[in-house]
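J.: Just dropping this structure here.
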Amino acid sequence: MNAIGKKKAVPILSVRDLKVHFTLSGTGLFGKERKLKAVDGINFDLFPGETLGIVGESGCGKSTLGRAILQLIPPTDGQVIWLGRDIVGAPHSAMQPLRRDLQIIFQDPLASLNPRMTIGEIIAEPLVTHKADLGKEEIKARVKRMMARVGLLPQMINRYPHEFSGGQCQRIGIARAMILEPKLIICDEPVSALDVSIQAQIVNLLQELQREFDLSLIFISHDLSIVRHICHRILVLYLGNVMELADRDSIYAAPKHPYTKALISAVPIPDPEIERNKERIVLTGDLPSPTNPPSGCVFRTRCPFAKDVCATDIPTVDTINDHHQVACHFHERM
Amino acid sequence: MLEAAGTPQEIEGRSLWRDARIRLFRNKAAVGSMIILGIITLMAIFAPMLSPFEYDQIDWGYIQEGPNWENGHIFGTDGNGRDLFIRILYGARVSLAVGLLATSVSLVIGVTYGAVAGYFGGKIDTIMMRFVDVLYSLPFMFFVIMLMVVFGRNIFLIFIALGAVEWLTMARIVRGQTLSIRRREFIEAAHATGVSNFKIIFRHVIPNVLGPVIVYMTLTIPQVILTESFLSFLGLGVQEPLTSWGVLISEGAKVIEASTWMLIYPATFLALTLFCFNFIGDGLRDALDPKDR
Ligand code: SF4
Chain W
1 MNAIGKKKAV PILSVRDLKV HFTLSGTGLF GKERKLKAVD GINFDLFPGE
51 TLGIVGESGC GKSTLGRAIL QLIPPTDGQV IWLGRDIVGA PHSAMQPLRR
101 DLQIIFQDPL ASLNPRMTIG EIIAEPLVTH KADLGKEEIK ARVKRMMARV
151 GLLPQMINRY PHEFSGGQCQ RIGIARAMIL EPKLIICDEP VSALDVSIQA
201 QIVNLLQELQ REFDLSLIFI SHDLSIVRHI CHRILVLYLG NVMELADRDS
251 IYAAPKHPYT KALISAVPIP DPEIERNKER IVLTGDLPSP TNPPSGCVFR
301 TRCPFAKDVC ATDIPTVDTI NDHHQVACHF HERM
Chain B
1 MLEAAGTPQE IEGRSLWRDA RIRLFRNKAA VGSMIILGII TLMAIFAPML
51 SPFEYDQIDW GYIQEGPNWE NGHIFGTDGN GRDLFIRILY GARVSLAVGL
101 LATSVSLVIG VTYGAVAGYF GGKIDTIMMR FVDVLYSLPF MFFVIMLMVV
151 FGRNIFLIFI ALGAVEWLTM ARIVRGQTLS IRRREFIEAA HATGVSNFKI
201 IFRHVIPNVL GPVIVYMTLT IPQVILTESF LSFLGLGVQE PLTSWGVLIS
251 EGAKVIEAST WMLIYPATFL ALTLFCFNFI GDGLRDALDP KDR
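Quick mapping for you: the protein sequence lines, in order, are chains W and B. Residues 1 to 334 (this note's numbering) make up the first sequence, in order. Residues 1 to 293 (this note's numbering) make up the second sequence, in order.
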């Protein structure tokens, strides 16, 4: 499985200059309306069978980006090109058949399952919605097969979500996402609510399914060690803007953006010798309010390398080589 | 990977409803209330078999006589010599039917209306809920009296009038619940799968708001019975010789000094029923939402 080798292939998903702005009504009677730029002009491609990691702190717009791709949140501007067709603003009837191939897995596994439905009904819902002509028996058989595939006992089909553990609930969520054999699954922090011991099981399950069904994954996370484990390419977001987009190996070996450097240097390394001696960049300050982002480079308020030009000029996303893009005025020196 | 070994038995799950039922049946007050209500309901249904008298039969020998086991008028007779026991049971028919029917009307309209408003939100929600506010501000009594004047006294009008008023609160409750539920991730999952709005409302939203709705329903029934009694007290209730608990109480209240039994017996039945519904409502609330206690 080599993502770089696949780069010659046609992307199944292209996101072009995607923006999602929310209007917040002002406080008080004459309060000014404020714009929240959750996602502000993002570009990337996703290739078949690839896993793209989207990382960033909470509040950087990564979940919004995932939902905007699925049109669960209407984008303000830009294009989401799915299999050659722009789906932004597509009417419900046009979106309906595409939903078969686009699925999502959520962060809170229990909250993503309707507590009043049996897990058989939950997993069957996409089938009932898209392939109602299959008939009851066939749907049930497929649900049981998928349950076995994701590691659930098929005889649990009539149980309810609250009777399962968090990890099992996430398997139910994965079974529901997989039952139509989609082409893309957006995983929105799928393991961050789970125990560490279970995280690995779920991540491995996702990888197995990816290989088996040639699935593309968008893996949203704030945990860089998991992202490193599962993703082929990584997109670093900060305040709704792309900071860096690169292949896994090149981003971990040679991060070009100060923000990426800081994130990577914060990940503990199991070897105490290396851990002690590694260069560490500590971020000071808090994430600025997304309603009032800094001028120029959005990262400048916390960037240890910021110069005057960073406050005035917005850095362009420069392409360093085939598989590395970065948005920083001084990336050559990093 | 786990493989299905042979054909293992499918294990039945414990639904939240079943858990709630178990908790409800552990509540003694609620169970006792259900038994009492059941008995009253059965008595109302089989009323003609329980008494030798007809509800409109006048016994000229015993006009406004007190309770007497020997002549069969165990609860006494009213001012027209009609047996009070059978009249209370016929009154129970009217009162309970009004309560149940009006509440069902309010349930169907209120739940659908509230779920739609809460689910779509935004402008639709604002417009729909303003309409509810406007209806709320209409004086209910005036509304009922108008109906009576235009269409004459009719028991079905009472159903409609009461249902038309009660659904407003139901709609508000359901809307509030829906607002909190529609942000939940399982609704988002249904959207992502492409389930239609209509199906999301009926499959995902309504089953999850039903808890508070059922509780409110058990509290609405006694409220409706009481309102009907009040209307009857004002002389706007059911038509003679048919009767309801409210009518009986109002007749009894007029002669309270001379013949207390005419007030005490119907009032006891009414109070007992109201208590029972309230206990059941309480029990249901605890059973459906154990965290809320
Ligand atoms: S552009 Fe300036 S502020 Fe932004 S990351 Fe680069 S050095 Fe830091």
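A virtual CB, placed ideally from N, CA and C, is assigned to each residue, including glycine. Just so it is clear, the structure is predicted and the values come from calculations on it, not from any experiment.
Give a yes or no on whether the minimum CB-CB distance between R23 (chain B) and chain W is below 8 angstroms.
T.: For the purposes of this step, residue 23 (chain B) is identified with residue 23 of the second sequence, where counting begins at 1. No, R23 (chain B) lies away from the interface with chain W (no Cβ there is under 8 angstroms from its Cβ).
J.: Can C310 (chain W) be considered in contact with ligand 1, in the sense that its beta carbon sits closer than 7 angstroms to one or more heavy atoms?
T.: In the first sequence, counting from the first residue as 1, residue 310 (chain W) sits at position 310. Yes, the Cβ of C310 (chain W) comes within 7 angstroms of a heavy atom of ligand 1.
J.: Is the Cβ-Cβ distance between L231 (chain B) and G246 (chain B) less than 8 angstroms?
T.: Locating residue 231 (chain B) in the second sequence gives position 231, counting from the first residue. Locating residue 246 (chain B) in the second sequence gives position 246, counting from the first residue. Yes; because the gap between Cβ atoms is below 8 angstroms, this pair is in contact.
J.: Does L316 (chain B) pass the burial test, meaning 16 or more other C-beta atoms within 10 Å, or should it be called exposed?
T.: This structure cannot speak to residue 316 (chain B), because chain B is shown only from 1 to 293.
J.: Taking A192 (chain B) and Q103 (chain W) to be in contact with their CB atoms under 8 angstroms, please state how far apart those CB atoms are, rounded to whole angstroms.
T.: Residue 192 (chain B) sits at position 192 when you count from the first residue of the second sequence. Residue 103 (chain W) sits at position 103 when you count from the first residue of the first sequence. So it is a contact: roughly 6 angstroms between Cβ atoms.
J.: Considering just the uninterrupted stretch of the alpha helix (DSSP H) at M147 (chain W), what are its terminal residues?
T.: For the purposes of this step, residue 147 (chain W) is taken as the residue at position 147 of the first sequence. That run of the alpha helix (DSSP H) goes K136 to R149.
J.: Under a Cβ-count criterion, where at least 16 other Cβ atoms within 10 Å of its own Cβ denotes burial, should S165 (chain W) be classed as buried or exposed?
T.: Residue 165 (chain W) sits at position 165 when you count from the first residue of the first sequence. So S165 (chain W) ends up on the exposed side.
J.: Determine which residues share a DSSP beta bridge with I220 (chain W) and list them.
T.: The residue you call residue 220 (chain W) lines up with position 220 of the first sequence. DSSP, once it has assigned bridges, lists W:I54 and W:D188 as partnering I220 (chain W).
J.: Who are the near neighbours of I225 (chain B) in its chain, counting only those whose CB is closer than 6 angstroms to its CB and skipping five residues on each side?
T.: Indexing the second sequence from 1 puts residue 225 (chain B) at position 225. S95 and G99, listed in sequence order.
J.: For ligand 3, is there any heavy atom lying closer than 7 angstroms to the beta carbon of K261 (chain W)?
T.: With respect to ligand 3, the structure offers nothing, as its ligand set consists of ligand 1.
J.: Return helix, strand or coil for T193 (chain B), following the three-state DSSP convention.
T.: Against the second sequence, residue 193 (chain B) aligns to sequence position 193. Residue state, collapsed to three classes: helix.
J.: Secondary structure at R243 (chain W), three-state DSSP: helix, strand or coil?
T.: Mapped onto the first sequence, residue 243 (chain W) falls at position 243. Residue identity differs from the one stated: residue 243 (chain W) is Met in this sequence, not Arg. Reduced to three states, the DSSP call for M243 (chain W) is strand.
J.: Tell me the rounded alpha-carbon separation between G135 (chain W) and V143 (chain W).
T.: Stepping through the first sequence from its first residue, residue 135 (chain W) is reached at position 135. Stepping through the first sequence from its first residue, residue 143 (chain W) is reached at position 143. Distance between the alpha carbons of G135 (chain W) and V143 (chain W): 12 angstroms.
J.: Does DSSP put I145 (chain B) in a helix, a strand or coil?
T.: In the second sequence, the residue the question calls residue 145 (chain B) occupies position 145. It is helical.
J.: Assuming the contact rule is C-beta atoms closer than 8 angstroms, P315 (chain W) and C297 (chain W) should be a hit. Round their C-beta distance to whole Å, please.
T.: In the first sequence, counting from the first residue as 1, residue 315 (chain W) sits at position 315. In the first sequence, counting from the first residue as 1, residue 297 (chain W) sits at position 297. At roughly 5 angstroms, the Cβ-Cβ gap stays under 8 angstroms, so P315 (chain W) and C297 (chain W) are in contact.
J.: Do we get a CB-CB distance below 8 angstroms when we pair F143 (chain B) with the residues of chain W?
T.: As a position in the second sequence, residue 143 (chain B) is number 143, starting the count at 1. No - not a single Cβ of chain W is within 8 angstroms of the one on F143 (chain B).
J.: Find out if the Cβ-Cβ distance for the pair P255 (chain W), K261 (chain W) is shorter than 8 angstroms.
T.: For the purposes of this step, residue 255 (chain W) is taken as the residue at position 255 of the first sequence. For the purposes of this step, residue 261 (chain W) is taken as the residue at position 261 of the first sequence. In contact: P255 (chain W) and K261 (chain W) (Cβ atoms closer than 8 angstroms).
J.: What is the C-beta distance between L16 (chain B) and Y160 (chain W), in whole angstroms, given that I count them as a contact (C-beta under 8 angstroms)?
T.: If you number the second sequence from 1, residue 16 (chain B) lands on position 16. If you number the first sequence from 1, residue 160 (chain W) lands on position 160. About 7 angstroms; that satisfies the 8 angstroms criterion.
J.: Just verifying my parser: in three-state terms, what is the DSSP assignment at Y113 (chain B)?
T.: As a working note, residue 113 (chain B) is residue 113 in the second sequence. Of the three classes helix, strand and coil, the one that applies to Y113 (chain B) here is helix, per DSSP.
J.: Taking 8 angstroms as the cut-off, decide whether the C-beta atoms of L184 (chain W) and D101 (chain W) are in contact.
T.: Translated into the one-based positions of the first sequence, residue 184 (chain W) becomes position 184. Translated into the one-based positions of the first sequence, residue 101 (chain W) becomes position 101. Yes. Within cutoff.
J.: Which residues does DSSP pair with E12 (chain B) in a beta bridge?
T.: Sequence index remark: in the second sequence, residue 12 (chain B) carries index 12 (1-based). Note: E12 (chain B) sits in a beta bridge opposite W:N158.
J.: If we define contact as Cβ-Cβ less than 8 angstroms, is Y252 (chain W) a contact residue for chain B?
T.: Position 252 of the first sequence, counted from the first residue, corresponds to residue 252 (chain W). No, Y252 (chain W) does not count as interfacial toward chain B.
J.: Here's a check: name, in chain order, each residue in its chain whose Cβ is nearer than 8 angstroms to the Cβ of I187 (chain B), leaving out the five neighbours to either side.
T.: Taking the second sequence and counting its residues from 1, one reaches residue 187 (chain B) at position 187. Result list for I187 (chain B): I181, I200, H204 and V205, in chain order.
J.: What residue from B:V213, B:L157 and B:D78 has the CA that sits closest to Q177 (chain B)'s CA?
T.: On the second sequence, position 177 is the one that residue 177 (chain B) refers to. Closest option to Q177 (chain B), Cα to Cα, is B:V213.
J.: What did DSSP end up calling K19 (chain W) once you bin it into helix, strand or coil?
T.: The sequence position of residue 19 (chain W) within the first sequence is 19, counting from 1. Here K19 (chain W) sits in strand by DSSP.
J.: Is DSSP giving S14 (chain W) helix, strand or coil here?
T.: The count along the first sequence starts at 1 and reaches residue 14 (chain W) at position 14. Correct three-state label for S14 (chain W): strand.
J.: Counting C-beta neighbours from all protein chains within 10 Å, is the total for T284 (chain W) 16 or more, i.e. buried, or is it exposed?
T.: Position 284 of the first sequence, counted from the first residue, corresponds to residue 284 (chain W). Exposed is the call here.
J.: For H323 (chain W), which of helix, strand or coil comes out of DSSP?
T.: Along the first sequence, read from residue 1 onward, the residue named residue 323 (chain W) stands at position 323. In the structure shown, H323 (chain W) sits in coil (DSSP, three-state: anything other than H, G, I, E or B).
J.: Taking only beta-carbon atoms, is R233 (chain W) less than 8 angstroms away from chain B?
T.: Numbered from 1 along the first sequence, position 233 holds the residue referred to as residue 233 (chain W). Not closer than 8 angstroms to any Cβ of chain B, the Cβ of R233 (chain W) fails to qualify, so no.
J.: Just the chain W side, please: which residues come within less than 7 angstroms of Q207 (chain B) by C-beta, in chain order?
T.: For this step, residue 207 (chain B) is matched to residue 207 along the second sequence. Before going on, a small fix: residue 207 (chain B) reads as Pro here, not Gln. Here the neighbours are R116.
J.: Below 8 angstroms between beta carbons: does that hold for D59 (chain B) and G91 (chain B)?
T.: Residue mapping note: residue 59 (chain B) aligns to position 59 of the second sequence, counting from 1. Residue mapping note: residue 91 (chain B) aligns to position 91 of the second sequence, counting from 1. Result no, Cβ atoms of D59 (chain B) and G91 (chain B) do not sit closer than 8 angstroms.
J.: What residue range is occupied by the uninterrupted beta strand (DSSP E) comprising N43 (chain W)?
T.: For the purposes of this step, residue 43 (chain W) is identified with residue 43 of the first sequence, where counting begins at 1. Element bounds for N43 (chain W): R34 to L46.
J.: Could you compute how far the alpha carbon of M146 (chain B) sits from the alpha carbon of Q71 (chain W)?
T.: Locating residue 146 (chain B) in the second sequence gives position 146, where the first residue counts as 1. Locating residue 71 (chain W) in the first sequence gives position 71, where the first residue counts as 1. Their Cα atoms are separated by approximately 51 angstroms.
J.: When you compare each of W:S216, W:F213, W:D188 and W:L98 to H222 (chain W) by their alpha carbons, which one comes out closest?
T.: Reading the first sequence from its first residue, position 222 is the one you call residue 222 (chain W). When each option's Cα is compared against that of H222 (chain W), the closest is W:D188.
J.: Which term fits H324 (chain W), buried or exposed, when burial requires 16 or more other beta carbons within 10 angstroms of its beta carbon?
T.: On the first sequence, residue 324 (chain W) is found 324 positions in, with the first residue counted as 1. The residue is buried, with at least 16 neighbouring Cβ atoms inside 10 Å.
J.: Would Q107 (chain W) pass as a contact of A38 (chain W) if the rule is Cβ separation under 8 angstroms?
T.: If you number the first sequence from 1, residue 107 (chain W) lands on position 107. If you number the first sequence from 1, residue 38 (chain W) lands on position 38. Result no, Cβ atoms of Q107 (chain W) and A38 (chain W) do not sit closer than 8 angstroms.
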